[in-house]
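Engineer: Going by UniProt numbering, the sequence shown opens with residue 1, and the numbers climb by one from there.
Backbone N, C-alpha and C fix where the C-beta goes; we use that ideal spot for every residue, glycine too.
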Amino acid sequence: MKENHFHSSAEMSRLALQLENWSNPSNENDHLKTELPHLSDSLLIDITNIEGMLDVKTCIGKARAWVRLALEKKLLSKHIRALLCDQTLLKNLYKRSAFLRCDEEREQFLYHLLSLNAVDYFCFTSIYLTTVIPYRIVIVPTKKGTITSANVWIVLSGTLSETKRVNIPKAAINFEHKSKNLGVLTTLKIGHDNSGLHAKWMIDYVLVRNDITCHVYKFPCGRWLGRGVDDGSTERLLVGTLLPPKSACENNITSVYNKVNSTPPRSRSPVPTLPKTELKPSQIQHMLGDCINNIVKWQYRRSSERNTTLTALLCGEKGLVYCMENVFLLGFKSSKLFVGKHYLWDYLVWIKEEFEVCLMEEGTGTRSASLERNHQKTLAVWRCYCHLVDEIMCSSKALGKDGKFQLFICLSVREHLLHRMLVPMSNCKVTTEMYEDYSFLKNRGLLTFLRQILLPLDELDVVLENSVTHGISSPSHS
């Protein structure tokens, strides 16, 4: 390569003419659209984005950042081909004997680069921690055109960081938020203050696009936000899924919308709901076994080999929360007699009240004291269970009963309580009243299976995202 040659303004202008026009006129009503604005995959846009990175100072650093970005967007071969098509530029920068001026070697080089598109890389997202990223957020209500009178907010979380609470402009469902690089997005909290005459709002899903890498994340919801509807929650935790790269830079959201609607029904929301049909015990056992296996495998993999997050394994489609929901719903009498009236969280609260009575009897001496090791373990389980439920009840008034159940399952995994609480729960009077004999809590064989299949989680040191814990710290670290 010839020395001290850089792109002149004339060369950049000529290159721009060879590439597609990437300008996108704005519209004053864009904030009301349920479509992602067009985002071109132009080489010039990527160059402009790299030039705007204040944390990269040198030309070599910017070149490396550009390569990382193009590789992550699966555009490296296309971009380099566009550069190498400019023969005038090649002649000015390279000698005749240079590798890039040999047609056959150049084509083979581009062909090899094309093969890199088969792998998903996050080599840009995971490196530039302080780069400011514009995130385009689109909230899609279930009924088109509906908005809420309440003040809506979101919190975005990723593998690197999370935002503070972001207040959404009034009546806006399509807007941009700039933040330091969050990494690969994992969860999105959305809620409102339940103010106004029309606060209730049913959200189908939320789309978030990283306007630098062109990654689009889908956060399914399919639930209401508002008091007096659904489970009364004014806040939802949504688990994100990265959409295929092909959908990321399309002008119309129709293809993305079709992908969202073609996903399995369970992925609509990570927050549990009452299933329409009760699964068989064998189906629940198989599903739970797969879930535990995935969590244990994830824990022992290196960070670079993990293709998902712990939050997704716990709260996502067919995650642990969903599996435990089905475990507790099997034979649950309320699911047949009081649909929409009693939730699993109600049952957990009733168990807590019974445990408190038992602890009070222990303290006053009305219950015969025992020094047996197993009895002391049971007392510890009662105390830990009651403390956890109390913390959840006090932590967030915005959470509905389904959200509290989800939070309880996640925290019980962190506190190594999940498998330990099952036998004490099965011995409670409320369990006898609320469950059929074929349930996991009353069938001895199913209860033994449940305790054994959950036991491997006890060996894991589980660290939950702040978005999942709602600020509830572990007693062992407080």
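On the premise that D211 lies in contact with T130, defined as a C-beta separation below 8 Å, what is that separation, rounded to the nearest angstrom?
Structural biologist: Rounded, the Cβ-Cβ distance is 17 Å, inconsistent with contact.
Engineer: My output table needs one value for T88: the three-state DSSP class, helix, strand or coil.
Structural biologist: Note: T88 maps to helix in three-state DSSP.
Engineer: Starting from K297, trace the beta strand (DSSP E) in both directions and tell me its first and last residue.
Structural biologist: Element bounds for K297: not the beta strand (DSSP E) but the alpha helix (DSSP H), 281-300.
Engineer: What is the C-beta distance between L417 and L455, in whole angstroms, given that I count them as a contact (C-beta under 8 Å)?
Structural biologist: L417 to L455, Cβ: 13 Å. No contact.
Engineer: Could you give the C-beta distance for L288 and C323, rounded to a whole number, given that I count them as a contact under 8 Å?
Structural biologist: Contact flag correct, Cβ pair sits at about 4 Å.
Engineer: Assuming contact is defined by CB atoms lying nearer than 8 Å, are V430 and E354 in contact in what I supplied?
Structural biologist: Result yes, Cβ atoms of V430 and E354 sit closer than 8 Å.
Engineer: If we count Cβ pairs, one from each stretch, closer than 8 Å, do we get three or more for the segment 101-116 versus the segment 167-180?
Structural biologist: No: the two stretches stay apart, fewer than three of their Cβ pairs being nearer than 8 Å.
Engineer: Can you tell me where the beta strand (DSSP E) holding V206 begins and where it ends?
Structural biologist: Its beta strand (DSSP E) spans residues 201-210.
Engineer: Using three-state DSSP, classify I173 as helix, strand or coil.
Structural biologist: I173: coil per DSSP, three-state reduction.
Engineer: Contact between the segment 217-237 and the segment 196-208: three or more CB pairs below 8 Å?
Structural biologist: Flag = yes, the segment 217-237 and the segment 196-208 touch.
Engineer: Figure out for me which residue from Y121, L156, L90 has the closest Cα to the Cα of R306.
Structural biologist: If we check each option's Cα against that of R306, Y121 comes out closest.
Engineer: Please state whether DSSP places G331 in a helix, a strand or coil.
Structural biologist: It is coil, neither helix nor strand.
Engineer: Candidates L411, L43, G183: which alpha carbon is nearest L457's?
Structural biologist: Comparing Cα positions, the closest option is L411.
Engineer: Going along the chain, which residues of its own chain have a beta-carbon closer than 7 Å to the beta-carbon of R227, five neighbours each way excluded?
Structural biologist: Answer for R227: N194, T234, listed in chain order.
Engineer: L84 and L100 look like a contact to me (Cβ under 8 Å); what is the Cβ gap, rounded to whole Å?
Structural biologist: Confirmed, Cβ separation roughly 6 Å.
Engineer: Quick one: is R209 buried, meaning 16 or more other Cβ sit within 10 Å of its Cβ, or exposed?
Structural biologist: Per the 10 Å Cβ criterion, buried.
Engineer: Where does R81 fall in DSSP's three states?
Structural biologist: Three-state result, R81: helix.
Engineer: Should M360 be labelled buried (16 or more other beta-carbon atoms within 10 Å of its own) or exposed?
Structural biologist: By the neighbour-count rule (16 or more Cβ atoms within 10 Å), M360 is not buried but exposed.
Engineer: Below 8 Å between beta carbons: does that hold for L243 and C315?
Structural biologist: No, the Cβ-Cβ distance between L243 and C315 is not below 8 Å.
Engineer: Counting only beta-carbon separations shorter than 8 Å, does D204 have a partner in chain C?
Structural biologist: Within the model displayed, chain C is absent; a lone protein chain is all it includes.
Engineer: With H, G and I counted as helix, E and B as strand and the rest as coil, what does DSSP make of N427?
Structural biologist: Note: N427 maps to coil in three-state DSSP.
Engineer: Would D231 be called buried (16 or more neighbouring beta carbons within 10 Å of its own) or exposed?
Structural biologist: D231 should be labelled buried.
Engineer: Can you give me the Cβ contacts of I139 inside the same chain, cut-off strictly under 7 Å, excluding the 5 residues immediately before and after it?
Structural biologist: Excluding residues within five positions, the ones whose Cβ falls inside 7 Å are I173, I203, V206.
Engineer: Of the residues K401, S161, H286, F449, which one's Cα is nearest the Cα of K180?
Structural biologist: Nearest C-alpha to K180: S161.
Engineer: Taking E235 as part of the beta strand (DSSP E), name the residues at either end of that continuous run.
Structural biologist: That run of the beta strand (DSSP E) goes 235-239.
Engineer: Measuring alpha carbon to alpha carbon, tell me which of K333, K404, M393 ends up nearest V321.
Structural biologist: It is K404.
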